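J.:
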Amino acid sequence: MPRAIISPSVLASDFGQLTAECKRMIKGGAEWLHMGTLSTALHFVPNITMGAPVLSCVSKGVPGIFMDCHMMVAQPEKWVNDIADAGGSLYCFHLEATSDPLPIIEAIHSRGMKAGVAISPDTPSAAVADDVAAAADMLLVMTVYPGRGGQKFLDRCLPKVTELRARFPDKDIEVDGGVGPATVDACADAGSNVIVAGTAIFGAQDPEGVIATLKATVNK
Ligand code: DX5
Numbered sequence: 001m002p003r004a005i006i007s008p009s010v011l012a013s014d015f016g017q018l019t020a021e022c023k024r025m026i027k028g029g030a031e032w033l034h035m036g037t038l039s040t041a042l043h044f045v046p047n048i049t050m051g052a053p054v055l056s057c058v059s060k061g062v063p064g065i066f067m068d069c070h071m072m073v074a075q076p077e078k079w080v081n082d083i084a085d086a087g088g089s090l091y092c093f094h095l096e097a098t099s100d101p102l103p104i105i106e107a108i109h110s111r112g113m114k115a116g117v118a119i120s121p122d123t124p125s126a127a128v129a130d131d132v133a134a135a136a137d138m139l140l141v142m143t144v145y146p147g148r149g150g151q152k153f154l155d156r157c158l159p160k161v162t163e164l165r166a167r168f169p170d171k172d173i174e175v176d177g178g179v180g181p182a183t184v185d186a187c188a189d190a191g192s193n194v195i196v197a198g199t200a201i202f203g204a205q206d207p208e209g210v211i212a213t214l215k216a217t218v219n220k
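Taking full-length UniProt numbering, I'd label the letters of the sequence shown as residues 1 to 220.
Structural data, given as structure tokens:
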């Protein structure tokens, strides 16, 4: 299994101190920042979080950090250039938002970003075709319905991680939603190596300790 990567979800941070919050995470050992992004015009979930302008501020404020952009948007092909120009490192879009993922992956790679493909709780792992998974750099199995932080972890999503890990032993497989010290064991045992956590990290007294715990659990 690939090495552990912890990607704190910025959605759970104090947006009024965004760059300082990101610096705090990096100081705490985070190598990626999970930017739950969506546009105001064509979003795919019932709420609004942040867009490319916010991403651009963060990437200027913490240059060099890996920006793991989770695009919770309809028509994901529309935002590839904006996110690349704003400093995105990985562009992860939802399989449910397109009938033609391969050209989107190609467009993402053409802008020098890594490509991720996400599936929501009601989408089976079989929906990730072999050619799409082979073209993508990362697969994201949502363990909550996308949109908001602080939701309850959905155990029923974990078998999809196991199924995808069995098909793709060397691929980065990310979980996102309700993940923290109480649920990370099950995620690692299922085969996930990229852990997104928002509330569990940003809400902790000791974010550094939580990041270290999550990383050690995956690497065990
Ligand atoms: C919303 C975002 C998640 C969310 C995770 O779906 O994609 O990253 O912020 O927050 P927690 O870890 O609090 O569930």
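Backbone N, C-alpha and C fix where the C-beta goes; we use that ideal spot for every residue, glycine too. Values in this document were obtained by computation on a predicted structure and should not be read as measured data.
1) Is residue 176 close to the ligand DX5? I mean its beta-carbon at under 7 Å from any heavy atom of the ligand.
2) To the nearest whole angstrom, what separates the beta carbons of residue 22 and residue 61, a pair I think is in contact under 8 Å?
3) Can you tell me where the alpha helix (DSSP H) with residue 204 in it begins and where it stops?
4) Expressed to the nearest angstrom, what Euclidean distance is found between the alpha-carbon atoms of residue 72 and residue 142?
5) Around the Cβ of residue 100, are there at least 16 other Cβ atoms within 10 angstroms (buried) or fewer (exposed)?
6) With DSSP collapsed to three states, give me the class of residue 25.
7) Does at least one heavy atom of the ligand DX5 sit under 7 Å from the Cβ of residue 148?
8) Quick one: complete beta strand (DSSP E) runs, 3+ long, within the region 92-151?
9) Say whether the region 15-29 touches the region 154-170, bearing in mind that this needs 3 or more beta-carbon pairs closer than 8 Å, one atom from each stretch.
10) Roughly how many angstroms lie between the CA atoms of residue 152 and residue 144, to the nearest whole one?
11) Taking 7 Å as the cut-off, is the beta-carbon of residue 36 closer than that to any non-hydrogen atom of the ligand DX5?
12) What is the DSSP secondary structure of residue 2, reduced to helix, strand or coil?
13) Would you report the Cα separation of residue 41 and residue 76, rounded to the nearest angstrom?
14) In whole angstroms, what separates the C-alpha of residue 10 from that of residue 130?
T.: Concretely, from the data shown:
1) Between the ligand DX5 and the CB of residue 176, the shortest heavy atom gap is smaller than 7 Å.
2) 7 Å
3) Counting along the chain, residue 204 falls outside any alpha helix (DSSP H), and DSSP gives it neither H nor E.
4) C-alpha separation (whole angstroms): 11 Å.
5) That one is exposed.
6) helix
7) yes
8) 114-119, 138-142
9) no
10) In this model, residue 152 and residue 144 are separated by some 7 Å (Cα to Cα).
11) yes
12) coil
13) Residue placement at residue 41 is poorly supported in this model, since its pLDDT is 45, which falls under 50; the coordinates are not used for a value here.
14) 31 Å
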